[in-house]
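Working notes for the structure below.
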Amino acid sequence: MKDLLVVGGGPAGLATALHAARAGLDVTVLEQRAGTVDKACGEGLMPGAVAALADLGVDPAGHDLLGIRYVAGARRVAADFRSGPGRGVRRTTLHAALRDAVEAAGVPVEQVGVHGLEQDDDGVTVEGRRARYVVAADGLHSPLRRSLGLDRPARRRLRRGLRRHYAVRPWTDHVEVHWAREAEAYVTPVADDLVGVAVLTTRTGTYDDHLAAFPELLERLAGAARVGTDRGAGPLRQDASARTAGRVLLVGDAGGYVDALTGEGVALAVAQAGAAARAVAAGDPAAYERDWRRLTRRYRWMTHALLGATSLRPTRSALVPTAERVPWLFGATVDALARPAHSSPTGQSAG
173 MKDLLVVGGG PAGLATALHA ARAGLDVTVL EQRAGTVDKA CGEGLMPGAV
223 AALADLGVDP AGHDLLGIRY VAGARRVAAD FRSGPGRGVR RTTLHAALRD
273 AVEAAGVPVE QVGVHGLEQD DDGVTVEGRR ARYVVAADGL HSPLRRSLGL
323 DRPARRRLRR GLRRHYAVRP WTDHVEVHWA REAEAYVTPV ADDLVGVAVL
373 TTRTGTYDDH LAAFPELLER LAGAARVGTD RGAGPLRQDA SARTAGRVLL
423 VGDAGGYVDA LTGEGVALAV AQAGAAARAV AAGDPAAYER DWRRLTRRYR
473 WMTHALLGAT SLRPTRSALV PTAERVPWLF GATVDALARP AHSSPTGQSA
523 G
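Positions 173 to 523 (our numbering) are the ones given, in order, by the sequence shown.
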């Protein structure tokens, strides 16, 4: 019997497999999709995410990011990361780097669709495979979270994200967040000749409909060729009543997600992966629930606060002017976002 089956071969699942292998666990990843998988995301790794991936031996190619810049019309304010650069990385590049690391670690990845599981006092059965524990890392709309009765409907306004790549030389070495009345656009350099532009909004419509709210971006991107396929995701807000159910642990977006506003998704997923692997090695899934709450507390608080503030039009329109007037506060917020999500109370990074 395996020690662990990981359902889902995205960054959260692959990071869990790497942490589990490092802990000496016999682990297999089950993923129904073949090859490198793309996904709608902002593609900006905060410095904490870069460090957490490096700790796992993963160093994906990309474009250095020095900080975050907010833009609203003629107003703009920037703050640099104090702990070193982040990195803009194509989602496909990140996924390929993690898959290579998992292969190098000798962890099997089986192309299997998972439609449910059964568990008892001794283990869990998934598609005829038996393990002591299962990690569900099957994404934002996790079927396993739903099947375990842990899904909790979100009651707030639902936000969605869309992303497109443009073949253009980056004009910034920061993640640029452009603010409009009902949407934000996140510009992330991911290569020397490529930028990703992701839009988050509560409105319906096409990508071009939403981009029309950002005339400066439209001018910047005029004539630039589109690269690849537009991607969308949402609703972004997903709630779970718990992160564990018996011998099953939810990692990454499957465990609940507030919003992509702060760009901490990968750092949090890697930190959760380390905590889950330790809980499995110790035979103590309840420890993972406690660690998850601690690891995600800052993210949940900051994201809820920023979402609440920017959902009100007067506060939203005042956000960038306020950051201009109080740059130290904006800088402190950016510094908080850049820090790694610590995986243990002693402050050691994931892994």
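Note that CB positions come from ideal geometry on N, CA and C, so glycine has one too.
- In the three-state reduction of the DSSP assignment, residue 290 falls in the strand class, which pools E and B.
- About 11 Å separates the beta carbons of residue 452 and residue 198, which is beyond the 8 Å limit, so they are not a contact pair.
- The Cβ-Cβ distance between residue 445 and residue 430 does not fall below 8 Å.
- For the 8 Å CB-CB criterion, residue 337 and residue 400 form a contact.
- When Cβ pairs closer than 8 Å are counted between the two stretches, the stretch 230 to 248 is seen not to touch the stretch 279 to 292, the count staying below three.
- Ranked by how close their Cα comes to the Cα of residue 395, the residues 405, 341 and 319 have 341 in first place.
- With a minimum length of 4 residues, there is no unbroken run of alpha helix (DSSP H) contained wholly in the stretch 320 to 376.
- Residue 244 carries a strand assignment under DSSP once its states are collapsed to helix, strand and coil.
- Nearest neighbour of residue 339 by Cα position, chosen from 207, 300 and 362, turns out to be 362.
- The continuous alpha helix (DSSP H) containing residue 267 extends over residues 263 to 276.
- By the CB criterion at 8 Å, residue 317 and residue 458 fall outside the cutoff.
- A residue is called buried once 16 or more other Cβ atoms fall within 10 Å of its Cβ, and residue 287, having fewer, is exposed.
- The three-state secondary structure of residue 184, taken from DSSP, is helix.
- Burial state of residue 485 is exposed, judged by a 10 Å Cβ sphere holding fewer than 16 other Cβ atoms.
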